[in-house]
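Per the numbering used here, the very first residue in the first sequence carries number 115; after that it's consecutive.
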Amino acid sequence: MSEQQLVRREKLAKLQAQGRDPFAMLTWNQSHHSVEIKQNFEQLENKDVSVAGRIMSFRDIGKAAFIDLQDRDGRIQLYLNAEQLGPEQYAEIKTWDVGDIVGAEGYVFRTKRGEISVHAKRLVLLTKALEPLPEKFHGLKDPEIRYRRRYLDLIMSPEVMETFKKRTLIIRAIREFLDNRGYIEVETPILSTIASGAAARPFVTKSNALNLQLYLRIATELYLKRCIVGGMERVYDMGKNFRNEGIDIRHNPEFTMIELYEAYTDYKGMMELCENLVAYAAQKVCGATKLSYQGTEIDFTPPWRRLTMSDAVKEYGGIDFSSVRTNEEAQALAKEKGFEHELKKKLKDCTKGDILNAAFEFYAEEHLIQPTFIMDYPTEISPLTKQKPGDPTMTERFEAFVYGREIGNAYSELNDPIVQLDRFTQQSKERELGDDEAYQLDEDFVASLEVGMPPTGGLGIGIDRIIMFLTDAYSIRDVILFPTMKPNS
RNA sequence: GGGCCGUUAGCUCAGCUGGUAGAGCAGCAGACUCUUAAUCUGCGGGUCGGAGGUUCGAUCCCUCCACGGCUCACCA
Numbered sequence: 115m116s117e118q119q120l121v122r123r124e125k126l127a128k129l130q131a132q133g134r135d136p137f138a139m140l141t142w143n144q145s146h147h148s149v150e151i152k153q154n155f156e157q158l159e160n161k162d163v164s165v166a167g168r169i170m171s172f173r174d175i176g177k178a179a180f181i182d183l184q185d186r187d188g189r190i191q192l193y194l195n196a197e198q199l200g201p202e203q204y205a206e207i208k209t210w211d212v213g214d215i216v217g218a219e220g221y222v223f224r225t226k227r228g229e230i231s232v233h234a235k236r237l238v239l240l241t242k243a244l245e246p247l248p249e250k251f252h253g254l255k256d257p258e259i260r261y262r263r264r265y266l267d268l269i270m271s272p273e274v275m276e277t278f279k280k281r282t283l284i285i286r287a288i289r290e291f292l293d294n295r296g297y298i299e300v301e302t303p304i305l306s307t308i309a310s311g312a313a314a315r316p317f318v319t320k321s322n323a324l325n326l327q328l329y330l331r332i333a334t335e336l337y338l339k340r341c342i343v344g345g346m347e348r349v350y351d352m353g354k355n356f357r358n359e360g361i362d363i364r365h366n367p368e369f370t371m372i373e374l375y376e377a378y379t380d381y382k383g384m385m386e387l388c389e390n391l392v393a394y395a396a397q398k399v400c401g402a403t404k405l406s407y408q409g410t411e412i413d414f415t416p417p418w419r420r421l422t423m424s425d426a427v428k429e430y431g432g433i434d435f436s437s438v439r440t441n442e443e444a445q446a447l448a449k450e451k452g453f454e455h456e457l458k459k460k461l462k463d464c465t466k467g468d469i470l471n472a473a474f475e476f477y478a479e480e481h482l483i484q485p486t487f488i489m490d491y492p493t494e495i496s497p498l499t500k501q502k503p504g505d506p507t508m509t510e511r512f513e514a515f516v517y518g519r520e521i522g523n524a525y526s527e528l529n530d531p532i533v534q535l536d537r538f539t540q541q542s543k544e545r546e547l548g549d550d551e552a553y554q555l556d557e558d559f560v561a562s563l564e565v566g567m568p569p570t571g572g573l574g575i576g577i578d579r580i581i582m583f584l585t586d587a588y589s590i591r592d593v594i595l596f597p598t599m600k601p602n603s
């Protein structure tokens, strides 16, 4: 234990010995918060207020002192005067430390230097901090401590507090947007015997009661579609998904996703919904639909650009896939252009669709800075999507890209149970070819389609990624309060 | 998983060519009745991430390990 921690424990022990244990304090009535006092100074001047918060700095100038008190919203200065507080209480207050949590009553005034402050008449130590705070000027820099001990980060960095407040507002705005359109929010299982609905490795866990291996969900899709079958018409689930994959600046093993499904519309309906939903949240929380992200202006104002995958590859890679007829032709093209290393399977096992998708990722993705819908994905990589009328090799699917990153994925939902079963069978073959992320067959889901699912549009949006754009966050860890970390010892 | 970088006082950081460590803030003691990175005087505080190795001698050089950051791969 550090010298400073020992000193604080001694101070605590002394208070406890005097029967004034700060940890025995129960309540404090906060009549006002810091920022509120500053904003309503004219009405509050000379009026009594009661505030509470953490001591962030203590400037002792002899028989007077100034405390910067930090609460939920910001800081307010307290003015302390030895004469008014009495020598005994004033002497005790001088033993309090930066980091301690106090309540203060007094009247609002402006100091000679113009700082709106509370002239304290009564101060109470509500909690003793036994550990000193990070340095007041430089703040907390060490990224490891910031993520592991986020509470320190929140105390020391107002912009971090701001980001997480915005996170809540963004999520609230999204719910509001959907609720206004007649959507029902539902909760689908996190624990399931089959992890399906997306291409990702799941986390595995075990039920003791059922003596059964279970998976944490990787998507909510198949359950939400069951809700559509059940007649809910418009549903969404916003919550955590879990994918047992790599961790980087855009990926955390647990992340927040919204999936929504709307009967009697298709992927074009979802396109409008997607751009309007994001624009709504941006307008509501940031006050604008044109935002700066990492120094680049991003314009979320609808309508967003629409481009087919094939056209994107033509535009950014100069390759015209519309003239490619066979898998063999596509394989030769991949080899010739030198992007066959982008393929996840052996070249000879790749279809034209696999190769088109790889070409898209290789040539086009990074250029999609402004919000763009990439439409019409190959059937073989879209096992839950309806085919395009007149072209069974392609599906009615889009992904939304911003700043070269995928933020959303949507389909005209496949509702033909016979075709769906066939697609799952294809996925099983992919699994046999070594793709351990191929979609797993969910028999009850297919059975639900046999009961009949109306034509439906569905959309999934990565909430953390939206929040990154709306808060100008560089890393996904900056928008997740407690990102996944290894234990540190 | 690969590559690069980092880990020194509670925090932010210095530390040269190898001679067992410094500053600022914070802390402690004192002065100061309008300060706001308050100021002034004095003092204390270190398993230099861990384990080995080289060396007369290692914070420094080498190896391994741990954790973290960036990046590539993986990943919607």
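Glycine residues also receive a C-beta, built at the ideal position from the N, C-alpha and C atoms.
Cα-Cα separation between residue i and residue j, rounded to whole angstroms
i, j, result
"proline 201", "methionine 170", "23 Å"
"threonine 507", "valine 427", "17 Å"
"phenylalanine 515", "isoleucine 483", "7 Å"
"methionine 371", "glutamate 276", "21 Å"
"isoleucine 580", "arginine 420", "19 Å"
"proline 272", "glycine 188", "8 Å"
"glutamate 429", "threonine 422", "10 Å"
"lysine 92", "asparagine 441", "Summary: the structure shown does not reach residue 92, with the chain confined to residues 115 through 603, and so no result is reported for it."
"phenylalanine 414", "aspartate 380", "22 Å"
"threonine 302", "glutamine 541", "24 Å"
"glutamate 527", "lysine 500", "6 Å"
"alanine 138", "glutamine 132", "13 Å"
"lysine 255", "glycine 467", "46 Å"
"tryptophan 142", "glutamate 219", "10 Å"
"arginine 264", "methionine 582", "17 Å"
"methionine 384", "alanine 587", "26 Å"
Closest by C-alpha distance to residue i, when choosing among the options
i, options, result
"glutamine 191", "Glu359, Ala179 and Asp413", "Ala179"
"arginine 286", "Gly383, Lys398, Lys354 and Ala243", "Lys398"
"threonine 225", "Tyr193, Arg263, Ile207 and Val300", "Tyr193"
"asparagine 529", "Leu330, Lys466 and Arg537", "Arg537"
"tyrosine 553", "Asp586, Thr585 and Pro497", "Pro497"
"asparagine 390", "Gly217, Leu292 and Asp578", "Leu292"
"isoleucine 284", "Thr141, Asp578, Phe596 and Tyr588", "Asp578"
"aspartate 162", "Ser145, Leu240, Phe172 and Asp550", "Ser145"
"serine 562", "Asn195, Gly345 and Gly228", "Gly345"
"glutamate 150", "Val165, Trp142, Met139 and Asn143", "Val165"
"isoleucine 433", "Glu456, Phe356 and Leu447", "Leu447"
"glycine 431", "Glu450, Pro416, Arg439 and Glu206", "Glu450"
"glutamate 510", "Tyr407, Ala524 and Trp210", "Ala524"
"proline 248", "Gln118, Leu126, Val232 and Ile175", "Gln118"
"isoleucine 575", "Asp351, Ser424, Arg439 and Tyr204", "Asp351"
Three-state secondary structure assigned by DSSP to residue i
i, result
"leucine 158", "helix"
"aspartate 256", "coil"
"histidine 365", "strand"
"methionine 139", "coil"
"isoleucine 575", "strand"
"valine 593", "coil"
"histidine 233", "strand"
"glutamate 359", "coil"
"glutamate 551", "coil"
"serine 306", "strand"
"phenylalanine 583", "helix"
"aspartate 505", "strand"
"glutamate 479", "helix"
"lysine 279", "helix"
"tyrosine 617", "Outside the displayed range of the chain (115 to 603) lies residue 617, so it cannot be described from this structure."
Nonlocal neighbours in the same chain, by C-beta distance under 7 Å from residue i, ignoring five residues either side
i, result
"leucine 336", "Ser310, Gly311, Asp556 and Phe559"
"phenylalanine 453", "Ala472, Ala473 and Phe476"
"histidine 365", "Glu359 and Ile590"
Close Cβ partners of residue i (< 6 Å) along its chain, the five nearest in sequence each way excluded
i, result
"isoleucine 230", "Lys152, Phe155 and Arg224"
"alanine 377", "Ile342, Glu347, Pro568 and Thr570"
"asparagine 160", "Tyr221"
"leucine 470", "Phe435 and Pro492"
"threonine 241", "Pro136 and Ile215"
"threonine 612", "Any question about residue 612 goes unanswered here, given that the chain covers just 115 to 603."
"valine 238", "Gly217"
"glutamine 184", "Gly167, Arg168 and Met170"
"phenylalanine 317", "Leu330, Phe356 and Asn358"
"isoleucine 288", "Ala395"
"glycine 353", "none"
Own chain residues within Cβ distance below 8 Å of residue i, not counting five before or after
i, result
"leucine 584", "Lys280, Ile284, Ala395, Ala396, Val399, Cys400 and Leu405"
"threonine 410", "Ile483 and Tyr517"
- Sequence ranges, alpha helix (DSSP H) only - wholly within the segment 389-476, length at least 4: 423-431, 441-451 and 466-473
- Query: If you scan the segment 150-200 from start to end, which runs of the alpha helix (DSSP H) of 4 or more residues do you find wholly inside it?
  - Reply: 155-158 and 196-199
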